[in-house]
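All the letters of the sequence shown, read from the start, carry residue numbers 1 to 514 under the numbering used here.
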Amino acid sequence: MKDKLIIFDTTLRDGEQSPGASMTRDEKVRIAKALERMKVDVIEAGFPAASVGDFEAVQAVANAVKDRTVCGLARALDKDIDRAGEALKGANSSRIHTFIATSPIHMQMKLKMEPDQVIEYAVRAVKRARQYTDNIEFSPEDAGRSEEDFLCRILEAVIDAGASTLNIPDTVGYSVPHQFGGMIANLINRIPNSDKAVFSVHCHNDLGLAVANSLSAVMNGARQVECTINGLGERAGNASLEEVVMAVRTRQDVFPCATELDTTEILTCSKLVSSITGFPVQPNKAIVGANAFAHESGIHQDGVLKNPETYEIMKAEDVGWSANRMVLGKHSGRNAFKSRMTELGYEFNSEEELNDTFFQFKQLADKKHEIFDEDLQALISEVSFGAEDEHIKLIALKVCSETGETPLATVTLRVNDEEMTGSSEGSGAVDASLKAIESLVKSDATLGLYSVNSLTNGTDAQGDVTVRLEKAGRIVNGQGADTDIVIASAKAYINALSKLQMPEQRKHPQKGNV
Ligand code: KIV
Ligand code: ZN
């Protein structure tokens with residue numbers, strides 16, 4: 001029997017630290033349900049002390065996820081630990097992840113603390129967290145640049161205090177594989193009580209080495225890897241879950257351990273995260289990129305036709321590429337619709353909401369006949385953006401676009417209960433529509449990104465549009481989906497404008513002086 005490799009997903013916490021990737025509570029619940037279907041072992045749902053919104057999001061994930069461990073991040077401070085403990089109360093299985101920096105530069109410049117004081121804080125935090133759960137993870141932040149002797153001291157102390165997982169973060173993505181792997185081996189060998197804890201790694205991708213460093217650590221004794229869907233995360237991101245999991249699965253001849261994930265859920269999860277955050281997946285991205293299993297050269301195509309193994313090391317279906325399975329259609333009933341929506345993590349708040357959403361589903365099914373999970377996810381995005389947050393509503397859009405003429409769009413919006421109509425020309429139908437909306441709303445925001453992806457196959461597929469807007473240092477992403485991409489674009493722009501009007505009051509876990 002091989003050892004189990006624990007997969008700890010931090011898309012909802014570190015992933016959310018990517019500029020512009022912030023998620024609402026309901027979006028987090030949907031991603032958490034997708035991670036649960038994939039059988040990720042631990043889901044880090046957020047940093048409860050960051051804001052009331054973050055607290056409520058962790059609480060909602062803790063209540064929604066039934067058979068996976070839900071984790072909350074906390075600095076080594078009583079108030080953070082108590083917030084995390086509170087937020088996780090509803091979880092069937094919970095973990096508190098507490099951390100404090102241990103590198104000389106962080107201790108001197110950021111914390112302004114002596115090493116012994118840092119150990120005191122760490123031990124105290126672990127003991128306090130034990131009042132809420134016996135599943136405690138401790139991270140010495142910036143371990144990749146910390147002194148090994150000091151790491152041995154602090155890690156031995158926190159194991160004695162009750163930490164059962166020791167996570168070694170390469171916070172700034174500075175490590176290289178042989179050295180990082182060597183550090184993990186040394187820590188396991190040198191810490192006298194190391195057998196009482198699982199060693200974990202959390203690698204950032206600043207040098208493009210996050211997956212390589214994580215796998216090197218696994219070869220040297222780490223049995224938990226922290227990673228994110230699509231490699232999302234602070235700056236250049238974290239180790240990508242799909243790459244770590246598929247490397248370990250594909251090279252079972254090399255790795256001494258295995259994960260228990262259902263890898264066929266990987267693609268759906270990747271698309272969901274991409275659509276919610278508005279971070280597109282590059283076509284040549286390993287495992288989940290559109291070209292990851294496409295063979296272009298004639299020689300390769302010929303080989304694959306004769307025997308797929310000539311050029312394929314994994315089966316596309318093993319990561320969900322045969323997906324786009326039709327789940328519902330024009331004739332599906334209300335119950336089938338409701339139960340699939342529930343499986344995808346959406347709970348209806350009332351009969352009325354179910355009826356309205358079912359009506360929208362029927363309208364979509366009339367237009368495109370076959371409805372896939374991706375279509376339902378887009379519908380959920382639309383309905384779960386609460387009516388109370390929807391300050392701007394699209395009432396009507398008319399666009400005239402013809403060869404040789406300048407496109408003209410006329411849009412009617414309801415802005416804070418007042419209906420208004422405006423028109424604008426543009427270089428194309430989308431440009432004219434967004435300018436017409438802007439002529440009414442006058443947000444003055446800067447457009448940082450506009451992207452369209454097809455949700456499924458075929459020309460009747462819904463276009464999934466992401467619009468990123470920036471104003472006064474704040475970045476928001478808006479999403480919209482429709483079989484007409486001009487309407488999808490207008491919806492996405494309006495969604496981003498509504499988000500810009502929502503209050504923001506979050507703290508960053510790794511800023512501040514502890
Ligand atoms: O990168 C990092 O050090 C972190 C810690 C909080 C684990 O995200
Ligand atoms: Zn991190």
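Glycine is no exception: its CB is placed at the ideal position from the N, C-alpha and C atoms.
Being a predicted model, the structure only gives us computed values, none of them experimental.
With distances taken between CA atoms, residue 274 lies nearest to 464 out of 82, 464, 43, 488. Listed as beta-bridge partners of residue 398 by DSSP are 410.
Per DSSP, reduced to three states, the secondary structure at residue 178 is helical. When the five nearest sequence neighbours on each side are left out, the beta carbons in the same chain lying within less than 7 angstroms of the beta carbon of residue 193 are those of 156, 159, 160, in order along the chain. In the assembly as shown, residue 467 is a buried residue. Its beta-carbon has 16 or more other beta-carbons within 10 Å. For residue 115 and residue 514, the gap between their C-alpha atoms comes out near 13 angstroms. Looking at 150, 145, 105, 65, the one whose alpha-carbon comes closest to that of residue 122 is 150. Pairwise C-beta distances place the stretch 86-101 out of contact with the stretch 19-31, as fewer than three of them are shorter than 8 angstroms. The C-beta separation of residue 371 from residue 327 comes to about 6 angstroms, placing the pair in contact by the 8 angstroms criterion. Residues of the same chain with a CB within less than 6 angstroms of the CB of residue 168, apart from the 5 flanking positions on each side, are 143, 201 in chain order. Residue pairing by DSSP places residue 71 opposite 44, 95 in a beta bridge. Non-local beta-carbon contacts of residue 107 in its own chain, meaning distances under 7 angstroms to residues more than five positions away in sequence, involve 101, 113, 115, 118 in chain order.
For the ligand KIV, a non-hydrogen atom lies closer than 7 angstroms to the CB of residue 99. Between the stretch 250-265 and the stretch 418-434, the count of Cβ pairs shorter than 8 angstroms is below three; the stretches do not touch.
By the C-beta density criterion, residue 97 is buried, having at least 16 other C-beta atoms within 10 angstroms.
Taken atom to atom, the span from the alpha-carbon of residue 407 to that of residue 435 is near 11 angstroms. In terms of side-chain proximity, the C-beta atom of residue 73 is found nearer than 7 angstroms to a non-hydrogen atom of the ligand KIV. Here the stretch 475-488 makes no contact with the stretch 280-290; the two share fewer than three CB pairs at distances below 8 angstroms.
For residue 311, there is no enclosing beta strand (DSSP E), as DSSP gives it neither H nor E.
Shown here for residue 164: same chain residues with a beta carbon closer than 8 angstroms to its own, the five before and five after excluded, namely 134, 135, 136, 137, 196, 197, 198 in chain order. The C-alpha of residue 83 lies about 12 angstroms from the C-alpha of residue 71.
Shown here, residue 140 sits in a strand according to DSSP, grouped into three states. Around residue 498, the same chain offers 389, 390, 391, 392 as residues with beta carbons nearer than 7 angstroms, after the five sequence neighbours per side are excluded. For the pair of segments examined, the stretch 364-384 was found to touch the stretch 339-349: the number of CB pairs separated by less than 8 angstroms reaches three. The Cβ atoms of residue 397 and residue 490 sit closer than 8 angstroms to each other. Closest by C-alpha distance to residue 230, out of 495, 459, 10, is 10.
Shown here, residue 102 sits in coil according to DSSP, grouped into three states, outside any helix or strand. Between residue 173 and residue 125, the C-beta gap is not smaller than 8 angstroms, which leaves the two residues out of contact. When rounded, the separation of the alpha-carbon atoms in residue 99 and residue 49 is 13 angstroms.
One alpha carbon belongs to residue 496, the other to residue 449, and they sit about 11 angstroms apart. Between the ligand KIV and residue 167, a heavy atom-to-CB distance of less than 7 angstroms is present. The count of Cβ pairs closer than 8 angstroms, one atom from the stretch 3-19 and one from the stretch 215-228, reaches three, so the stretches are in contact. With a cut-off of 7 angstroms, the C-beta of residue 510 is classified as near the ligand KIV, since at least one heavy atom of the ligand falls inside that distance. In the three-state reduction of the DSSP assignment, residue 419 falls in the strand class, which pools E and B. Rounded to whole angstroms, residue 110 and residue 412 show a C-alpha spacing of 51 angstroms. With fewer than 16 other CB atoms across the displayed protein chains lying within 10 angstroms of its CB, residue 131 is exposed.
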